[in-house]
Amino acid sequence: MSDYRAPVKEMRFVMDDLAGFKELSQLPCFEEATPDLADAILDEAAKFAGEVLAPLNRIGDQQGCTLTPNGVTTPPGWKEAYKAFCEAGWSGVESPTEFGGQGLPETLATVVKEMVCSANLSFSLGPLLTTGAVKALLTCASDELKAIYLEKMITGEWTGTMNLTEPQAGSDLALIRSRAEPQADGSYRVFGQKIFITYGDHDMTDNIVHLVLARLPDAPAGVRGISLFLVPKFLVNTDGSLGERNDAHCVSIEHKLGIHASPTCVLAFGDNGGAVGYLLGEENRGLEYMFIMMNEARLGVGLQGIALGERAYQQALGYARERKQGRDAITGEALVTIDKHPDIRRMLMLMKSRIESCRAVAYYTSGLLDRTHAEADPEEKKRLLYLAEFMIPIVKGGSTEMGIDVTSLGVQIHGGMGFIEETGAAQHWRDSRITTIYEGTTGIQANDLLFRKLMRDQGATARVVFGEVGVTAKALGVSTRPELRAIGKRLGESLQAWISATEWLAGNAKTGLSGVLTAAVPYLHLAVTVSGGWFMGKAALAAARYLEQGESDQAFYLAKIATAQFYADQLLPLAAAYAETVKAGDAALAALGDELFNF
Numbered sequence: 078m079s080d081y082r083a084p085v086k087e088m089r090f091v092m093d094d095l096a097g098f099k100e101l102s103q104l105p106c107f108e109e110a111t112p113d114l115a116d117a118i119l120d121e122a123a124k125f126a127g128e129v130l131a132p133l134n135r136i137g138d139q140q141g142c143t144l145t146p147n148g149v150t151t152p153p154g155w156k157e158a159y160k161a162f163c164e165a166g167w168s169g170v171e172s173p174t175e176f177g178g179q180g181l182p183e184t185l186a187t188v189v190k191e192m193v194c195s196a197n198l199s200f201s202l203g204p205l206l207t208t209g210a211v212k213a214l215l216t217c218a219s220d221e222l223k224a225i226y227l228e229k230m231i232t233g234e235w236t237g238t239m240n241l242t243e244p245q246a247g248s249d250l251a252l253i254r255s256r257a258e259p260q261a262d263g264s265y266r267v268f269g270q271k272i273f274i275t276y277g278d279h280d281m282t283d284n285i286v287h288l289v290l291a292r293l294p295d296a297p298a299g300v301r302g303i304s305l306f307l308v309p310k311f312l313v314n315t316d317g318s319l320g321e322r323n324d325a326h327c328v329s330i331e332h333k334l335g336i337h338a339s340p341t342c343v344l345a346f347g348d349n350g351g352a353v354g355y356l357l358g359e360e361n362r363g364l365e366y367m368f369i370m371m372n373e374a375r376l377g378v379g380l381q382g383i384a385l386g387e388r389a390y391q392q393a394l395g396y397a398r399e400r401k402q403g404r405d406a407i408t409g410e411a412l413v414t415i416d417k418h419p420d421i422r423r424m425l426m427l428m429k430s431r432i433e434s435c436r437a438v439a440y441y442t443s444g445l446l447d448r449t450h451a452e453a454d455p456e457e458k459k460r461l462l463y464l465a466e467f468m469i470p471i472v473k474g475g476s477t478e479m480g481i482d483v484t485s486l487g488v489q490i491h492g493g494m495g496f497i498e499e500t501g502a503a504q505h506w507r508d509s510r511i512t513t514i515y516e517g518t519t520g521i522q523a524n525d526l527l528f529r530k531l532m533r534d535q536g537a538t539a540r541v542v543f544g545e546v547g548v549t550a551k552a553l554g555v556s557t558r559p560e561l562r563a564i565g566k567r568l569g570e571s572l573q574a575w576i577s578a579t580e581w582l583a584g585n586a587k588t589g590l591s592g593v594l595t596a597a598v599p600y601l602h603l604a605v606t607v608s609g610g611w612f613m614g615k616a617a618l619a620a621a622r623y624l625e626q627g628e629s630d631q632a633f634y635l636a637k638i639a640t641a642q643f644y645a646d647q648l649l650p651l652a653a654a655y656a657e658t659v660k661a662g663d664a665a666l667a668a669l670g671d672e673l674f675n676f
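Using this note's numbering, the letters of the sequence shown correspond one by one to residues 78 to 676.
What follows is the structure in structure tokens.
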């Protein structure tokens with residue numbers, strides 16, 4: 078497996094020129110996040126990811142985790158790496174300073190998270206979920222619980238989990254059966270089983286803080302009757318020290334296709350009298366609170382797709398530059414490296430352009446969350462939040478589907494050697510395969526985009542996005558550079574396809590629900606394609622400005638324009654096809670009765 082080198086220059090370009098970090102750093106709540114500090118953080122994060130985490134990635138994949146009578150044991154080097162991770166402050170980059178965090182912008186934390194995920198996805202999942210749990214506690218925990226748990230979690234001394242899924246309740250959380258019984262002292266006893274719990278048990282910290290969805294007695298049926306509870310692995314004494322073991326135990330770990338070093342646990346709560354838990358927020362609002370954590374997790378999983386794509390691209394590019402096979406079809410030169418062959422170059426460019434487009438959309442979305450946090454005006458705050466929430470399913474759904482495609486291309490470029498585990502190319506694909514499933518499948522992201530985000534304000538937020546895309550297309554169209562004008566033309570055409578498909582969905586939402594549901598995933602792909610083109614166009618415009626100013630790194634900016642041109646030529650034309658698929662409705666699907674699937 079190749080080494081990982083964080084693409085720091087690319088990340089800085091996207092952060093500054095596409096996600097608006099320079100403007101963010103001037104806001105009062107982020108005034109300490111100066112460009113110099115950001116540069117120092119990125120350099121140190123890149124070093125840590127490449128030198129400490131990346132070397133453990135293969136070891137973790139090969140050895141995985143082990144369940145012992147004393148709990149889950151992580152692979153060699155894991156505990157030491159986690160200790161170094163926390164001591165360096167990486168566990169609390171964006172968390173509030175009052176609880177031991179650094180209080181830096183989400184955008185900067187997003188870049189750091191991408192590096193960590195690229196270097197070692199299995200390792201990254203524990204800190205990612207802990208950060209999500211922290212945000213849920215900040216929103217709905219009592220002051221007493223915040224004082225006990227937040228600093229320990231933010232500094233990494235304790236980790237956090239999210240416990241939703243049960244054997245009978247996967248995507249349909251209305252089927253949750255776990256229950257919580259109130260006690261005289263104000264606590265609860267939690268009973269039930271949760272499955273697929275990432276880092277549900279491990280040996281890296283002394284305590285684990287489980288956030289658990291469960292039902293109170295006489296709670297309403299369905300999702301309206303679910304509450305959220307904090308259930309620690311070890312109870313905490315009044316002086317902050319750890320007390321007795323709680324009745325929450327890992328009973329098994331899953332053997333998985335990928336992310337072998339991330340322990341995926343079955344947790345049993347209450348087998349010996351009930352696990353002590355504490356209600357978070359109000360009764361029966363648990364799913365609402367958990368979605369705070371879920372949005373964090375979905376953005377994080379989108380980053381995982383980008384990160385794995387980047388790691389696979391680096392390895393495939395390195396291999397293609399070394400492997401010699403065949404003649405150059407253009408020049409006739411004998412025995413050239415395979416990166417000279419047009420189809421290999423096409424695959425490499427597909428990888429590069431799709432990664433860069435998804436990265437830009439993800440960083441932009443993180444920037445929206447930062448701006449939402451900093452905004453004082455309620456109406457503007459709501460507008461920014463709606464924009465961020467509109468983009469999150471595009472990031473999660475689009476970046477994870479991209480990650481699977483790109484890591485698969487990485488295997489393909491390696492040829493037969495890609496199918497051999499020893500090269501490590503297959504691990505990236507295996508690790509990526511879960512990302513379109515957990516924290517909401519691609520289908521769930523598509524429905525979320527359509528019904529919760531697009532239609533909740535009658536398309537007003539979507540029209541804001543359309544307007545911004547149109548501004549970029551027009552700016553490209555008046556450029557003095559012909560390649561930028563060509564990109565602008567393609568972007569404008571793809572935007573019209575997106576608008577047309579959106580209008581069709583809006584017109585059929587009430588009378589043709591089956592057709593709208595059938596169109597949800599194609600519509601998501603359409604949104605991802607055009608959003609990616611929007612930011613590739615913005616990148617080309619920024620690169621052209623730097624070239625006109627005579628910036629020294631000409632090759633970097635020329636590559637930006639060439640990559641945007643490739644995206645416009647090879648990927649934006651798909652928007653029209655996706656739009657036609659959306660508008661085709663469900664006629665063909667409805668024509669195939671259940672019994673016809675047998676033939």
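The beta-carbon is built from N, C-alpha and C at its ideal position, and this holds for glycine as well.
With contacts defined as CB atoms closer than 9 Å, Ile-285 and Leu-144 fail to qualify as a contacting pair. With fewer than 16 neighbouring CB atoms inside 10 Å of its own CB, Arg-404 falls in the exposed class. Distances from the alpha-carbon of Val-91 to those of Leu-185, Gly-320, Ala-165 put Leu-185 closest. Beta-bridge annotation (DSSP): Ser-79 is not paired with any residue. The beta carbons of Tyr-390 and Gly-487 sit about 7 Å from each other, so the pair counts as a contact at 8 Å. Between Thr-549 and Leu-568, the CB-CB gap stays under 9 Å. Around the beta carbon of Lys-229, a 10 Å sphere encloses 16 or more other beta carbons of the protein chains shown; the residue is thus reported as buried.
Annotated as distal: Gly-358 and Thr-207, with beta-carbon spacing of 9 Å or more.
Annotated three-state conformation of Lys-310 is coil, per DSSP. Within the DSSP secondary-structure output, Tyr-355 pairs in a beta bridge with Leu-307. In this model, Thr-275 and Lys-310 are separated by some 14 Å (Cα to Cα). Leaving aside the five residues that flank Gly-520 on each side, the residues in its chain whose CB is nearer than 8 Å to its CB run, in chain order, Ala-597, Val-598. Contact between Gln-489 and Met-424 holds, since their C-beta atoms are separated by about 6 Å, short of 8 Å. Put simply, the backbone Cα of Ser-509 is about 31 Å away from that of Pro-146. The alpha helix (DSSP H) runs lying completely inside the region 214 to 259 and spanning 4 residues or more are 220 to 231, given in chain order.
The region 552 to 559 and the region 603 to 623 touch, with no fewer than 3 CB-CB distances between them shorter than 8 Å. Pairing Ile-253 with Val-170 gives a Cβ-Cβ distance that is not under 9 Å.
Residue environment analysis places Ser-571 among the buried positions, since at least 16 neighbouring C-beta atoms fall within 10 angstroms of its C-beta. The C-alpha of Leu-202 is placed about 8 Å away from the C-alpha of Cys-194.
Rounded to the nearest angstrom, the gap between the Cα atoms of Phe-162 and Lys-190 is 12 Å.
Counting only residues of its own chain and dropping the five nearest sequence neighbours on each side, Ala-246 has a CB closer than 8 Å to the CB of Leu-252, Ile-253, Arg-254. For Gln-392, the three-state secondary structure derived from DSSP is helix.
Under the Cβ criterion (8 Å, minimum of three pairs), the region 285 to 302 counts as touching the region 254 to 272. In terms of Cα proximity to Asp-280, the closest of Asp-249, Thr-236, Asp-220 is Thr-236.
When DSSP states are grouped into helix, strand and coil, Ser-629 belongs to the coil group. In this structure, DSSP gives Asn-349 a state outside helix and strand, which the three-state scheme calls coil. For Ile-330, the beta-bridge partners assigned by DSSP are Cys-342. The beta carbon of Pro-297 sits closer than 6 Å to no other beta carbon from its chain once the five residues preceding and following it are set aside. Of the candidates Leu-222, Asn-323, Thr-282, Leu-95, the residue whose Cα lies closest to the Cα of Arg-266 is Asn-323. According to the DSSP assignment, Gly-320 belongs to the beta strand (DSSP E) that extends over 319 to 322.
Listed in chain order, the beta strand (DSSP E) elements of length 3 or more contained wholly in the region 548 to 588 amount to none. When C-beta atoms of the region 494 to 503 are compared with those of the region 530 to 537, fewer than three pairs fall below 8 Å, so the two segments do not count as touching. When Leu-101, Ser-79, Val-85, Leu-95 are compared, the shortest CA-CA separation from Glu-452 is found for Leu-101. Taking 8 Å as the upper bound for CB-CB distance, Val-593 and Leu-527 are in contact here, some 7 Å apart.
Approximately 38 Å separates the beta-carbon atoms of Gly-386 and Gly-299; this is outside 8 Å, ruling out the contact. In the DSSP assignment, the residues bridged to Gln-270 are Ala-345.
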